[in-house]
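K.L.:
Going by my numbering, the first residue of the sequence shown is number 5, and it counts up by one from there.
Think of the CB as a built atom: it goes at the ideal place given N, C-alpha and C, for glycine as much as any other residue.
Following this message is one structure expressed as structure tokens.
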Amino acid sequence: MNIMEYMFDQDNITRLYGIEQMNIGRREGREEGKKEEKKATASNLLALNMDIPFIEKVTGLSQVEILKLKEH
């Protein structure tokens, strides 16, 4: 492998790594957004005096997570 091929390979590796990191960031952002939406839904249901087991079923949040929201 000559120096040009080596540099080309290194550039491709760096580029592919950057693309993968962006994809990971997007995925994490979507997951965080979904979690925040569940928390917002739970907060709204708490405001309507819905019971905790019902909120757990609707949102998929744990009882502990819901109780933390209730404290705030």
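#1: Identify which residue in 58, 46 and 62 has its Cα closest to the Cα of residue 74.
#2: Output yes or no for whether 8 Å exceeds the beta carbon distance between residue 52 and residue 62.
#3: Tell me which same chain residues have a C-beta within less than 8 Å of the C-beta of residue 66, skipping the five on either side of it?
#4: When burial is assigned at 16 or more other CB atoms within 10 Å of the CB, is residue 70 buried or exposed?
#5: Can you tell which of 33, 76 and 39 has its C-alpha closest to the C-alpha of residue 64?
P.N.:
To lay it out plainly:
#1: Indexing the sequence shown from 1 puts residue 74 at position 70. It is 46.
#2: Here residue 52 refers to the residue found at position 48 when the sequence shown is read from its first residue. Here residue 62 refers to the residue found at position 58 when the sequence shown is read from its first residue. No.
#3: Residue 66 sits at position 62 when you count from the first residue of the sequence shown. Cβ neighbours of residue 66 beyond the five flanking positions: 60.
#4: Position 66 of the sequence shown, counted from the start, is the residue given in the question as residue 70. Under this definition residue 70 is a buried residue.
#5: Here residue 64 refers to the residue found at position 60 when the sequence shown is read from its first residue. Of 33, 76 and 39, the residue nearest in Cα terms is 39.
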